[in-house]
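All remarks here apply to the structure that follows.
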Amino acid sequence: MTTELNLIAVERDADRPFVIAVNDLVIAGWTGRNVEAMEEHIRELEVLGVPRPRATPLFYRVGANLLTTDVQIDVAGNNTSGEVETILFSTEEGLWVGLGSDHTDRHAETFEVTIAKQACPKPVAEGVWRYTDVSPHWDELVLRSFAWIEGTRVLYQEGAVSALRPAEELARMYTGTDELLAPGTAMYCGTLAVRGGVAPATQFELELDDPVLGRQLRHQYLIRALPVAD
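According to the numbering used here, the residues represented by the sequence shown are 10 to 239, in order.
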């Protein structure tokens with residue numbers, strides 16, 4: 010199934026509407042470049058009952074129809090949470106960098122990670138950058154998220170993408186060749202450790218900061234927890 014995202018190409022000279030068609034959505038997990046930091050995230054999830062990965066990184070395939078730019082998502086129950094990530098979009102015009110949240114069902118994650126990731130919509134920011142504009146200073150990009158927990162806005166995640174494997178490296182590991190992603194593929198490129206532990210929120214905000222070119226991608230969305238019938 011192809012999903013078309015109505016986005017905005019943020020170019021150096023001007024912005025323009027840009028439609029990206031996604032056939033295949035890949036969630037790259039356990040992508041930490043720093044073994045200690047990745048171990049911290051693994052321990053965070055172990056507290057919730059999530060088993061250790063059999064290998065790192067792992068690549069989870071989920072439905073492209075989960076991608077959404079909506080400002081509210083509906084989820085089942087109160088055991089879900091977001092994760093800020095860069096996204097690599099492969100198009101006929103080349104690679105583009107986006108921003109998204111790998112919103113995941115933490116209860117389902119305790120018995121099957123792929124099902125947990127398929128269970129929730131995947132919010133994405135409207136803006137995207139050309140990969141070639143940021144690739145020379147990729148490691149200087151900064152990811153950040155804020156979560157509204159019990160009515161309080163808290164800094165949830167923050168750090169440079171240098172803590173994660175480079176996007177091109179992940180793409181080649183996924184394809185198993187020297188080739189990057191095929192056009193129509195989108196890949197979430199991994200997340201950072203959470204400050205204070207994984208927790209559900211009523212609202213989630215995410216940012217990708219480019220300090221070299223002096224610009225940001227941003228998105229925020231509300232989380233409506235639907236009741237789970239007994």
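The C-beta atom is built at its ideal place from N, Cα and C for all residues, glycine as well.
In the DSSP output, which residue or residues are listed as bridge partners for residue 109? 94, 133
Does the beta-carbon of residue 185 have 16 or more other beta-carbons within 10 angstroms, so that it is buried, or is it exposed? exposed
Looking at residue 211: is its Cβ nearer than 8 Å to the Cβ of residue 157? yes
Taking the alpha carbon of residue 111 as the reference point, which residue from 175, 18, 215, 64 has its own alpha carbon closest? 215
I need the DSSP call for residue 12, collapsed to helix, strand or coil. strand
For residue 48, the three-state DSSP class (helix, strand or coil): helix
In the structure shown, what three-state DSSP assignment does residue 115 receive? helix
Cβ-based burial, residue 108 [other Cβ within 10 Å; buried from 16]: buried
Could you check whether the segment 144-152 touches the segment 161-169, counting it as contact only if at least three pairs of C-beta atoms, one from each stretch, sit closer than 8 Å? yes
Backbone secondary structure at residue 174 - three-state DSSP: coil
Contacting residues, own chain, Cβ-Cβ under 8 Å from residue 127 (five flanking each side not counted): 71, 72, 75
Quickly, what does DSSP pair residue 57 with across the bridge? List them, please. Bridge partners of residue 57: none, in fact.
For residue 224, tell me which candidate among 137, 189, 163, 92 has the shortest Cα-Cα distance. 137
Excluding five sequence neighbours on each side, which residues of the same chain lie with their C-beta closer than 7 Å to the C-beta of residue 53? 202, 203, 206, 207
Taking just the CA atoms, how far does residue 135 sit from residue 25? 11 Å
Determine the direct distance from the alpha carbon of residue 86 to that of residue 239, and round the result to whole angstroms. 11 Å
Quick one: Cα of residue 18 to Cα of residue 114, how far? 31 Å
Would DSSP call residue 187 helix, strand or coil? coil
Determine the burial state of residue 179: buried for a count of at least 16 other Cβ atoms within 10 Å of its Cβ, exposed for fewer. buried
Endpoints, beta strand (DSSP E) assigned at residue 151: 151-158
Beta-carbon within less than 8 Å of residue 140's beta-carbon, same chain only, minus the 5 sequence neighbours each way: which residues are those? 97, 103, 104, 105, 106, 176
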